[in-house]
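Structure first, then comments.
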Amino acid sequence: MKKILFVTYDFPYPTTSGGKNRAYNLIKFAGNGHDIHLFSFTRDDFKKEYVDQIKKIGVLSVTTHKRRKVKDIRNIIGVFSPTQSIFKKLYFDKSILSLLIDLVVEKKVDVIHFESFYTGFYISSEFKKLDVKQIFGTENIEHQVYKDYVSNRVSRILKPLYEREVGKIKKEEEEMFEASDICLAVTEAEKKIINDTSTKKCAIIENGIDINSFTYKKPEKNEAVRLLFVGNFSYFPNVDAINFFYSDVFKNLSGQFRLTIIGKKAHGLLAKNDSRINCIEFVSDIKDAYKNCDIMVSPVRIGGGTNFKILEAMAAGVPIIAHPARLQSLGVVSGKHVVTAKTADEFISTILKLSLDYKKRVALSAAARVFVEEKYSWENIGKKLNSIWENL
């Protein structure tokens, strides 16, 4: 048995984003036989009762610290720092490092698991002096995500400033790889990137789903016109995706089609005023949304890691049409587990065909459920992480 200090950049309950979902389920399914203590940054939406929900999954103690706002003047000034990224200015504070050291000593911690790039700023030689092992748990290759953002969303005038920021993020990320005792990657491709830039061991801990919480539902025989997109719209790849889908795809579908958009900041989207679209910020149970749609669309073109909502929809039996860029790491077969589309015309054509092809929807649904049961169960993924903690 090991004593683990798990460090997160946002409180891992409720699971309203991919990062929170991953942290919550890693704690829940990897914690068996270990003592788990949590340190988490929080934001304005944090409520004290969330602590009780985390303790229900086996966390023994919870320590929180409210993160300052992104628009804080100290962060804005930090953009002009020649060495530190805006994210280091946002998250790193020497007083918090001292707090973590005190927690390690008080709880007699054996392993600190830093989940995500934003917590990796606290990987420190101070913990090595205490003979504490440090894990850097990546959720994607962060500098690549922001490199994509600069390429796709930033004006030519501002690009030099943003590109310099990407360079600082890359340098910090590579320093985290090397300073940790072991790195965790979500996909094989991301493991290769880490191995190419670091001498430290890297293991794959995939994203997954709690299979038992998703009841499989066979597609309905009606013409499939109820579309669904789920995502956190404070994450720019999701905003890029839904703006593309709404402007170039959905507007060109006939009036019988309806689209439900669910996710944080959905009310700020361009599509919110369309009478055929229902934008919902929060649902208490996402499974109800899967039961009440015919096709899940995922036009996400940029970003890293694994899309949790694709895995959830597969488990629930919802046929999926997705951009292949975010499917490569999953190992799915186009035409068997999902259907892929890249361009607006391809999305339109595929939606129209699948909406009329009930047998194809049933075949996709059944194959996808079997696939996630075999490969993406949090229970099995948790066992892998449990073993890493135990043997580190």
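Residue numbers (this note's numbering): 4 to 395. Even for Gly, the Cβ is constructed at its ideal location relative to N, Cα and C. Values in this document were obtained by computation on a predicted structure and should not be read as measured data.
Among the options, nearest to residue i - alpha-carbon criterion
i	options	result
Ala434	Glu349, Tyr361, Pro322	In the structure as shown, the chain starts at 4 and stops at 395, and residue 434 therefore has no counterpart that could be examined.
Ser201	Gly211, Gly21, Leu187	Leu187
Asn225	Leu357, Lys50, Leu314	Leu357
Glu315	Ile298, Asn155, Ser154	Ile298
Glu349	Ile99, Phe253, Ser183, Gly234	Phe253
Val73	Val65, Ser64, Phe95, Tyr53	Phe95
Lys203	Glu175, Lys221, Glu181	Glu181
Lys173	Leu100, Gly334, Asn215, Phe124	Phe124
Val157	Asp243, Asn281, Lys50	Asp243
Asp279	Gln259, Ser287, Cys296, Lys294	According to the sequence provided, residue 279 is Arg. The question's Asp does not apply to it. Of the listed residues, the one whose Cα sits closest to Arg279 is Gln259.
Lys220	Ile197, Lys294, Arg159	Lys294
Ser301	His326, Glu129, Ile289, Leu102	His326
Outcome for residue i when other beta-carbon atoms lying within 10 angstroms are tallied against a minimum of 16
i	result
His37	buried
Asp13	buried
Thr141	buried
Met317	buried
Phe83	exposed
Separation of residue j from residue i, as counted between CA atoms
i	j	result
Leu273	Tyr249	8 Å
Phe285	Cys205	35 Å
Lys386	Phe90	32 Å
Phe42	Thr67	6 Å
Ser183	Lys136	8 Å
Ala292	Phe9	31 Å
Glu376	Tyr27	19 Å
Thr122	Ile30	16 Å
Pro240	Glu393	36 Å
Asn35	Ile60	10 Å
Ile115	Ala366	44 Å
Under the three-state DSSP convention, the category residue i falls into
i	result
Arg364	helix
Lys224	coil
Gln331	coil
His116	strand
Ile416	Nothing about residue 416 can be reported from this structure: the residues present for the chain run from 4 to 395 only.
His326	coil
Arg156	helix
Ser390	helix
Arg71	coil
Gln147	helix
Thr353	helix
Glu171	For the record, residue 171 in the displayed sequence is Lys; it is not Glu. Helix at Lys171.
Leu8	strand
Gln409	Absent from the structure is residue 409, since the part of the chain shown begins at 4 and ends at 395.
Any non-hydrogen atom of the ligand ATP within 7 Å of residue i CB
i	result
Ile7	With respect to the ligand ATP, the structure shown offers nothing to examine, as it has no ligands at all.
Boundaries (first-last residue) of the beta strand (DSSP E) holding residue i
i	result
Thr18	No beta strand (DSSP E) holds Thr18; DSSP gives it neither H nor E.
Ala188	185-188
Val233	229-233
Lys254	Per DSSP, Lys254 belongs to no beta strand (DSSP E) and is neither H nor E.
N-terminal and C-terminal residue of the alpha helix (DSSP H) that residue i is part of
i	result
Lys194	191-200
Gly123	Run containing Gly123: none; DSSP gives neither H nor E here.
Val107	97-110
Arg261	First-last for Arg261: 261-265, but that is the beta strand (DSSP E), not the alpha helix (DSSP H).
Asn246	239-247
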